[in-house]
Amino acid sequence: MRKYRTFIIAVAYLACCVFITVHTWAEKIKLRAGHVIPIDKKLSRSDIKGMFRRGERLVWADQDANTVGMPVGGIAAGQLYLRGDGTLGLWQIFNKHIFSGYGATNYRTYKPESPVDSGFGVVVKQDDKITVRKLDHNFGKVEFAGEYPIGLVRYGAREFPIKVEMEAFSPFIPLNAKDSALPATLFHITLENTSSQSIQAGILAWLENPVCIDSAPSIHALRRTRVVGEKGRAMIVHTAEKAPPPTAAEQPRSTVALADFEGPDYGDWKAAGEAFGKKPAGGTLTNQNPVSGFLGKGLVNTFLGGDGPHGTLTSPPFEISRKFINFLIGGGSQQRQTCINLLIDAKVVRTAVGKDNEKLEWHFWNVEEFQGKSARIRIVDGASGGWGHINIDQIELADVPQQVPPGELEDLPDYGSMVLACANAPCQTRTVLDSVGGWAAQLNAEDDVTFPVSKSKTAALATQPLKLAPGQKQTYTFVLTWHFPNFKQGHEYANRFNSASEVAHYVLDNHERLAGDTKKWHQTFYEDSTLPRWLLFRLHSTVANLATGTCQWWKSGRFWAWEGVGCCAGTCTHVWNYAHAVARLFPELERSAREMQDFGEGFHEDSGLVGFRSDNNYAADGQCGTVLKAYREHLMSADGGFLKRNWPRIKKTLEFSIKQDGNDDGLIENSQHNTFDINFEGPNTFVGSLYLAALRAGEEMAKEMGDEEFAKRCRKIFESGGKLSVERLWDGEYFIEAVDLAKHPKFQYEKGCLSDQLFGQGWAEQLGLGYIYPAENVRQALQSVWRYNWAPDIGPYNADYKPERWFAREGEPGLFTCTWPKSPYLADGVRYKDEVWTGIEYQVAGHMVWEGMVEEAVAICDGVQKRYDPAKHNPFNEIECGDHYARAFASWGVYTALAGYEYHGPKGHLGFAPAVTPDDFRAAFTAAEGWGAFSQKRKGKTQQEMIELRWGRLTLKSLAYEVPENFKPAQVTLTMAGKSSKCDYTLKDRRVEINLKDALVLTPGQMLVVTIQR
Ligand SMILES: [Ca+2]
Ligand SMILES: [Ca+2]
Ligand SMILES: [Ca+2]
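Set out below in structure tokens:
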């Protein structure tokens, strides 16, 4: 519960005063000349008013929605995008996670690709003529209005008699992780006849068979596509199976060698750039690990002069005269950077990369479809970092593939099944396709076809055209499902389903409940809330990261994550320090990460070290954060089981940090590795505040466990640390780092203003642990972060100080990681200092809300929203090192702060103190076993609190609310199910606390009303 907080809401004149204060204050401070970030942010009254307006659902039309890629698959079931025009994109559901880059190039404007042919179209039958209009950007006017988890696209065209609305989503039900982790996407397509005549209309749906999508060029197998009717449903079922062995008649022709690289030079191959030199390598090059597996004495090896150089080596044109091209390959694994490509008409039709291994191994391309064509081979080295080279030898044309066997078909990562099902029975699809003609006639509607994996085929389903009277609507339900179980650690979903067909039937059998609960959540979170709609969009958009390659839910039940898609493994403790969304929405997933990783595989029993990537390495911030997360997971539990099971290890984890402190004075002063990928070398409040908050959490948990002695020890160290931090680190405006730069010249922030300097204090607010530093220092430090580090336009500052990576561009607002407003800029200072990370922005914004800096907090969120405008950047993909970066889950900390949410599941305690519009506030909340809507109304002498449960159950034993100043309650009444009773309460610092005599258990539809009267 925030204390002494002033309610500065969207009242323009008040806001004006705030910024005038800023202005006068600024005049007193002498700023460093190069600090070009304005103290006065020049936010106008109408800017602020606009940010706080409730507003409507956001809608982007046509090109403005070009970058949209909204994840619409289940949690940890891969990554499938709904694009701005309602078509599907990306399709990373085949157990391959593609890293978009470290950060130099991934903040770019692009439309997500779509490697799999699929779609929907409206079938219209008029005067016996059948036409199809595809649901894509060519329809006419197309609007994207999706709000995670529900995608929504509307289609209309003046000359077309049908208006279409399509919802696309995977079931998403907070606290029900399993039903939210289905490898499935539901589509509700509603047709509306907008003409003045009756029209016969239906839907055509199609889907390519993508099974073995990555392996196809290098395996001998068949794809099988069936169109079946099961349980009254029409289904396209895609699978793959073994190909029969070649028959005797197919005698292989002799092999043709294209290149063996045994000559004194490259012959008629053309080398460009530096990486290839003038002749083939004779084996291992200087400073290279031993190269093996090549034939003869020569090979292509681009480690010439190390990984640095780039270049290409291109063959003369040759005719593809056999079914396969075989070659030996080793070296780097970077797509498009360390690769060998097959070019036909200058287009790359096949590509292969190494496996970050110096040993060359056989690889082949199936090129049967290109036989007789002229082609070239180009070997590419466009990489400079680690494994920035490629090794190639012995390229040959053959009728028999040479290769290290990829394994049995059934074991390949992209082997499995995929289904597109319609809730309705099948109709005469072939008739529809033939009547439409053109592209539609090429689609496949046969009952059962098999074909080589090297070929692609798209199957279709049509619904029976139905008569729609003018103004009449008709909704069709489809579900797309997939089942690709061959992931190294397995998929949780594969414990429950054996095929995509089973998933499809489960989703349709439970359609009403799965879709109903998902919509109920959407309704509760977006529609029924009083918070600004755009802000709700922003804060919930990051939750989509759960349904991307970033997150995995293993067969063992363990939740595991990259930092961003495909990079930086191990549910990194210090990145996940920022993430609140998963813990509040699906606490069982975070509990599994604590129990199976932090206090499981990554825990060192002897020392209490929590390896920060489940390894042997120490991160000071991650270690402290683990204790805080453990406490949060306890608070989000229904009972004390989690704490009881894990307490011995939680305690040891904290004791490890206390050991780093060394003398129990509450300051950690040794070398502190942390999320900036460097070490801080002196006491600081970034790690320090996390340490103090962890001590407070430790104290609370120790008390609950009856370990009074440890509770006292934590308290003592905590109190000392808070006091010493102010004495040693307070510079009058904010907290600095006490470091000897002569001894540690690199990567420190010293007198700088670090945005994360109160990270632990923000955590303490989230967990109801109170102040760890004096409230006035906290507030002033947060003000300084706003004044010195938030730029309405990052351009001028970044023009002088180029960031290592760009996550914001000139003209866009953002909060810098660290600045030096009053002391010389440290060019060698903390790493990433000139960058803008959304995770830090949300962390800071959430904390600001708790401290009453609501406008500043909302302005920071508005900055993120402006950067991730879908005309420029996918609003569902906040990047850092890789796509869908986990730190962005911090947005949920802003959400809980806005509601002033406090919760202790095992104690049955729930409280609220809305930070905006406290006179009329409503928002969704989650608890350990249920969720619903909270609302508060103030009128005259009455303040009314309503808790309406909408899903699950909610056990309540105590409640807490905030009342206005000078509001002295005379009576508190509790009403449930028509029965009212007076109850006892306490009032302290505007906080009303109510203890219930008997625990209440709310079930869906039940409402608890608390009336506080003065
Ligand atoms: Ca050779
Ligand atoms: Ca290179
Ligand atoms: Ca110490």
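In case it helps, my numbering puts the sequence shown at residues -3 to 1010. Cβ coordinates follow ideal geometry from the N, Cα and C atoms, glycine included. Predicted model, so just to flag it, every value in this text is computed and none were measured.
Cα-Cα separation between Leu605 and Asp657, rounded to whole angstroms: For the purposes of this step, residue 605 is taken as residue 609 along the sequence shown, with counting starting at 1. For the purposes of this step, residue 657 is taken as residue 661 along the sequence shown, with counting starting at 1. About 14 Å.
Proximity of Ile94 and Val561 at Cβ, strictly below 9 Å: On the sequence shown, residue 94 is found 98 positions in, with the first residue counted as 1. On the sequence shown, residue 561 is found 565 positions in, with the first residue counted as 1. Yes.
Own chain residues within Cβ distance below 6 Å of Trp759, not counting five before or after: Mapped onto the sequence shown, residue 759 falls at position 763. Leu624, Ala689, listed in sequence order.
Report the start-end ranges of each alpha helix (DSSP H) in the stretch 17 to 58 that is 4 residues or longer and not cut off at the edges. Correct list: 41 to 48.
Does Asn420 come out as helix, strand or coil in the three-state DSSP assignment? Here residue 420 corresponds to residue number 424 of the sequence shown, with the count starting at 1. Three-state result, Asn420: coil.
Does the beta carbon of Gly384 fall short of 8 Å from some heavy atom of ligand 2? Counting from 1 along the sequence shown, the entry for residue 384 is found at position 388. Gly384: yes, Cβ under 8 Å from ligand 2.
Is Asn322 near Pro241, with beta carbons less than 9 Å apart? Within the sequence shown, numbered from 1, the residue matching residue 322 stands at position 326. Within the sequence shown, numbered from 1, the residue matching residue 241 stands at position 245. For Asn322 and Pro241, no; Cβs fall outside 9 Å.
Can you list, in chain order, the residues of its chain with a C-beta nearer than 8 Å to that of Ser450? Leave out the 5 residues immediately preceding and following it. Reading the sequence shown from its first residue, position 454 is the one you call residue 450. These residues qualify, in order along the chain: Ala212, Pro213, Asn362, Glu364, Glu365.
Let me confirm a value: Ser370 is counted as buried when at least 16 other C-beta atoms fall within 10 Å, else exposed. Which label applies? If you number the sequence shown from 1, residue 370 lands on position 374. With a threshold of 16 other beta carbon atoms within 10 Å, Ser370 falls short and is exposed.
In terms of alpha-carbon separation, which member of Trp530, Gln757, Asn172, Asp611 lies closest to Thr514? For this step, residue 514 is matched to residue 518 along the sequence shown. The option with the nearest alpha carbon to Thr514 is Asn172.
Please classify Glu818: is it buried, with 16 or more other beta-carbons within 10 angstroms of its beta-carbon, or exposed? Taking the first residue of the sequence shown as position 1, residue 818 is located at position 822. It should be pointed out that residue 818 corresponds to Lys in this sequence rather than to Glu. By the neighbour-count rule (16 or more Cβ atoms within 10 Å), Lys818 is buried.
Just reading off the beta strand (DSSP E) that Lys953 is part of, what are its end residues? Here residue 953 corresponds to residue number 957 of the sequence shown, with the count starting at 1. Its beta strand (DSSP E) spans residues 950 to 958.
Close Cβ partners of Leu148 (< 6 Å) along its chain, the five nearest in sequence each way excluded: In the sequence shown, the residue the question calls residue 148 occupies position 152. The beta carbon of Leu148 sits closer than 6 Å to the beta carbons of Ala141, Gly142, Glu163 from its chain, once the five residues preceding and following it are set aside; these are given in chain order.
Could you tell me how far apart the beta carbons of Lys453 and Thr221 are, in whole angstroms, since I believe they sit closer than 8 Å? Locating residue 453 in the sequence shown gives position 457, counting from the first residue. Locating residue 221 in the sequence shown gives position 225, counting from the first residue. 6 Å between Cβ atoms; contact.
What are the boundary residues of the beta strand (DSSP E) that Ala929 is part of? Taking the sequence shown and counting its residues from 1, the one referred to as residue 929 is at position 933. Element bounds for Ala929: 926 to 935.
Since Pro644 is in the beta strand (DSSP E), which residue starts that stretch and which ends it? One-based indexing of the sequence shown puts residue 644 at position 648. Here Pro644 belongs to no beta strand (DSSP E); instead the alpha helix (DSSP H) covers 637 to 657.
Identity of the residue in Pro644, Gln668, Tyr687 nearest Asp703 by Cα: Position 707 of the sequence shown holds residue 703. For the residues Pro644, Gln668, Tyr687, the minimum Cα distance to Asp703 belongs to Pro644.
Which class does His536 belong to by DSSP, given the choice of helix, strand or coil? Here residue 536 corresponds to residue number 540 of the sequence shown, with the count starting at 1. Three-state result, His536: helix.
Would you decide whether Val55 is buried or exposed? Buried here means 16 or more other CB atoms lie within 10 Å of its CB. If you number the sequence shown from 1, residue 55 lands on position 59. So Val55 ends up on the exposed side.
Let me know if Gly259 comes out buried or exposed under the rule of 16 or more other beta-carbons within 10 Å of its beta-carbon. Within the sequence shown, numbered from 1, the residue matching residue 259 stands at position 263. It is exposed - the Cβ of Gly259 has fewer than 16 other Cβ atoms within 10 Å.
Please determine if the stretch 827 to 840 and the stretch 798 to 814 are in contact, where contact requires at least 3 C-beta pairs separated by less than 8 Å. Contact between the stretch 827 to 840 and the stretch 798 to 814 is established, with three or more Cβ pairs separated by less than 8 Å.
Looking at the unbroken beta strand (DSSP E) that takes in Arg229, where does it start and where does it end? As a first step, residue 229 is located in the sequence shown; it is residue number 233 there, counting from the start. Start and end: 229 to 238.
Looking at the unbroken alpha helix (DSSP H) that takes in Ile713, where does it start and where does it end? The residue labelled residue 713 in the question sits at position 717 within the sequence shown. From DSSP, the alpha helix (DSSP H) with Ile713 extends over 704 to 725.
Distance cut-off 8 Å: Thr298 Cβ against heavy atoms of ligand 2: As a first step, residue 298 is located in the sequence shown; it is residue number 302 there, counting from the start. Yes.
Just tell me which of Tyr821, Gly889, Pro145 has its CA closest to the CA of His31. In the sequence shown, the residue the question calls residue 31 occupies position 35. For His31, the nearest C-alpha among the options comes from Tyr821.
Would you say the beta carbon of Thr922 is closer than 8 Å to some non-hydrogen atom of ligand 2? By one-based count along the sequence shown, residue 922 stands at place 926. Not so, every heavy atom of ligand 2 lies at least 8 Å from the Cβ.
For Leu778 and Thr105, what's the separation of their Cα atoms in angstroms? The count along the sequence shown starts at 1 and reaches residue 778 at position 782. The count along the sequence shown starts at 1 and reaches residue 105 at position 109. Cα to Cα, the separation comes out at about 33 Å.
Relative to ligand 5, is the shortest distance from any of its heavy atoms to the C-beta of Thr477 smaller than 8 Å? For ligand 5, the structure offers nothing, since it holds only ligand 1, ligand 2 and ligand 3.
Cys979, enclosing alpha helix (DSSP H) - first and last residue: Locating residue 979 in the sequence shown gives position 983, counting from the first residue. Note, Cys979: premise wrong, no alpha helix (DSSP H); not H, not E.
I'd like the span of the alpha helix (DSSP H) that includes Cys547, first residue to last. The count along the sequence shown starts at 1 and reaches residue 547 at position 551. It is not in any alpha helix (DSSP H) - Cys547 instead sits in the beta strand (DSSP E) that spans 547 to 549.
Assuming the contact rule is C-beta atoms closer than 8 Å, Arg249 and Arg318 should be a hit. Round their C-beta distance to whole Å, please. The residue you call residue 249 lines up with position 253 of the sequence shown. The residue you call residue 318 lines up with position 322 of the sequence shown. That belief holds up - the Cβ atoms of Arg249 and Arg318 are roughly 6 Å apart, short of 8 Å.
Tell me, please, whether the stretch 591 to 604 touches the stretch 182 to 201 by the rule of three or more beta-carbon pairs shorter than 8 Å. no
Would you call Thr20 buried or exposed, if buried means 16 or more other Cβ atoms sit within 10 Å of its Cβ? Within the sequence shown, residue 20 is the residue found at index 24, counting from 1. Because Thr20 sits at a pLDDT of 47, beneath the cut-off of 50, its placement in the model cannot be relied upon, and the following sentence gives the value as read from the coordinates. Answer is exposed; the Cβ neighbour count stays below 16.
Asp389 by DSSP, collapsed to three states: which one? On the sequence shown, residue 389 is found 393 positions in, with the first residue counted as 1. Looking at Asp389 - three-state DSSP - the assignment turns out to be strand.
How is Ser288 classed by DSSP in three states: helix, strand or coil? By 1-based counting over the sequence shown, the position of residue 288 is 292. Strand at Ser288.
Backbone CA spacing between Ala867 and Asp58 [nearest angstrom]: What you label residue 867 is simply residue 871 of the sequence shown in a count that begins at 1. What you label residue 58 is simply residue 62 of the sequence shown in a count that begins at 1. Cα to Cα, Ala867 sits roughly 10 Å from Asp58.
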